[in-house]
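Just remember that our numbering sits 3 ahead of the position in the sequence shown, which is counted from 1.
Heads up, the beta-carbon is just placed ideally off N, CA and C, and yes, glycines get one too.
For clarity, every value in this text was computed on a predicted model and none was experimentally measured.
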Amino acid sequence: ACAGDSVLFDGVNIPAGQSADFTYPNAQGCDSILTVSVLASPTDTTEVELGTCLGDSVLYAGAYLQAGDVQTFNLFNQIGCDSMVTATVVELPHSVQIVDAVACENSFFEFQGQMIFPGQQVIFTNINQDGCLDTTIVAVAPLPVDSTAATLQACPGETVFYNGVPLSAGSQQYFTWTNQFGCDSVVWVNVLASPTVSFDLAAQEICWNDTAGTIEVQNIQGTSAPYAYSLDGQNWQPGTVFDSLPGGSYTVLLQDANDCIFENNVQIPVVPPMIVEVQDETIVCGDSLRLEPSVFSTTPVTWQWESGGATQPFLVVGSPGVYGFSVANDCEAIDKAVNVTLDNGESASPIYLPNAFSPNNDGINDCFRGYINPKVELLEYRLKIFDRWGGQMFETTDVDGCWDGRQKGKLMDPAVFVWYMTYRAQNCDGQIIEVFKEGGVTLMR
């Protein structure tokens, strides 16, 4: 029984902690003594620890207890005795986490699937294993995005490179890189065109065999002085005149203060070489010959013949020989000679014989004879005439000897006769020649 209580047994109250004897007859009718002891149950004293979340309460034995409360309750145990229970309420664990994040100004920070932009603060709550709320505060600070400008300069018509990318003069382009924070770094590149420079070139005509040509840079139009000048791109000079140049095509380079190079082309005109063409000639004794060599010159020329000092572009000669001359222009003088030889051909024979005659006493070609060139000195002469059967009709050693078409006083019938002629003569050039000729002559009536 509980302390202070009693147990009723067979009409007798037995207090807790005491005992009583009871006598009863047994089965045989004898006395049987029954001792009943009542045990005293002690009062329970227990402690209970309860938990609750911060700001919340827990219900125990009909009372709401908050974290930190300690309270004793008088209860009954399982046998109905007093039970002293001390309830202590502890605070269940929970967390408050602060996340300091960063993001580029044009981007965001992602937390638990949610985008948080720079400058924003978002609170996230979750129920933990103890049923309390865990709190996470995410604050996103902005990281800077760089934006800069770069100005470059390029020569007209050329390109410059920015980070390996060619950019032409006058163009603009954006480049996006990554800065030290991992954010965009935008560079705006502007390529300025350097001022244009124009200029003229002047050159004077020179002789083909001269190296005194000059080129002068004139009429420079530009704002980027000082200037330097070159013909090969390697040797530069401050002066505007190039001298001691042969004729031909040149490219003059001008470099300004911006290291830009401009070019212009010029031709140093050249008086071409004079061409003198001569051709050897032949002359027939007794004739005159006009020697007139061909001269090709772009400038006026002067003549000087060795024979007689003539200064005209031609010379008339009457005998064979070597006729030298000199022709000159402003650039050169050329000495040439014309070789004139005697024409010893058939047409130039010193003795001419006709191929027909008519002995009819009309006073025209009445006899057959040879005619000598008066410029030739005849040393020996022989003419023979035969009929077609080989009979000799006529023979003479006198160049003036003439066959009248008769044989033994008889006029021959019309026919073709054969003649043979030999002679030795001294030409107009003093040369002695020996000639044999044959031919035919027709006797006509």
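Excluding sequence positions up to five away, which residues of its chain have a Cβ less than 6 Å from the Cβ of residue i?
i, result
"residue 124", "142"
"residue 12", "39"
"residue 221", "203, 205"
Measure the beta-carbon distance from residue i to residue j and round it to whole angstroms, keeping in mind my assumption that it falls under 8 Å.
i, j, result
"residue 387", "residue 431", "Going by Cβ atoms, the distance from residue 387 to residue 431 rounds to 27 Å, so no, they are not a contact pair."
"residue 10", "residue 41", "5 Å"
"residue 293", "residue 319", "5 Å"
"residue 212", "residue 289", "At roughly 44 Å, the Cβ-Cβ gap does not stay under 8 Å, so residue 212 and residue 289 are not in contact."
"residue 442", "residue 356", "7 Å"
Taking the beta strand (DSSP E) that residue i belongs to, which residues open and close that run?
i, result
"residue 124", "124 to 130"
"residue 107", "99 to 107"
"residue 491", "What is shown of the chain runs 4 to 448, which leaves residue 491 out entirely."
"residue 267", "264 to 271"
"residue 145", "136 to 146"
"residue 222", "216 to 224"
"residue 230", "Premise fails: residue 230 is in no beta strand (DSSP E) and is neither H nor E."
"residue 16", "15 to 18"
"residue 77", "73 to 79"
Assign residue i to one of two classes, buried (16 or more other C-beta atoms within 10 Å of its C-beta) or exposed (fewer than that).
i, result
"residue 372", "buried"
"residue 362", "buried"
"residue 55", "buried"
"residue 258", "buried"
"residue 350", "Residue placement at residue 350 cannot be trusted, given a pLDDT of 49 that sits under 50; the coordinates are not used to answer."
"residue 382", "exposed"
"residue 286", "buried"
"residue 218", "buried"
"residue 328", "buried"
"residue 191", "exposed"
"residue 419", "exposed"
"residue 245", "buried"
"residue 326", "buried"
"residue 250", "buried"
"residue 392", "exposed"
"residue 300", "buried"
"residue 353", "buried"
"residue 424", "buried"
"residue 119", "buried"
"residue 450", "In this structure the chain extends from 4 to 448, so residue 450 is not present and cannot be described."
"residue 360", "buried"
Excluding five sequence neighbours on each side, which residues of the same chain lie with their C-beta closer than 8 Å to the C-beta of residue i?
i, result
"residue 181", "187, 188"
"residue 264", "158, 236, 256, 257, 258"
"residue 480", "Any question about residue 480 goes unanswered here, given that the chain covers just 4 to 448."
Taking 8 Å as the cut-off, is the CB of residue i close to at least one heavy atom of the ligand MN?
i, result
"residue 259", "Questions concerning the ligand MN fall outside what the structure shown contains, since it holds no ligand whatsoever."
Please list, in chain order, all residues of the same chain as residue i whose beta carbon is under 7 Å from its beta carbon, the five residues on each side excluded.
i, result
"residue 27", "35, 37"
Problem - Segments of 4+ residues assigned as alpha helix (DSSP H) that fall wholly inside the region 330 to 416 - result: none
Problem - Complete runs of the beta strand (DSSP E) confined to the region 148 to 202 [at least 3 residues] - result: For the beta strand (DSSP E) assignment, the uninterrupted runs of no fewer than 3 residues enclosed by the region 148 to 202 are, from N- to C-terminal side, 149 to 157, 162 to 165, 168 to 171, 175 to 181, 187 to 196.
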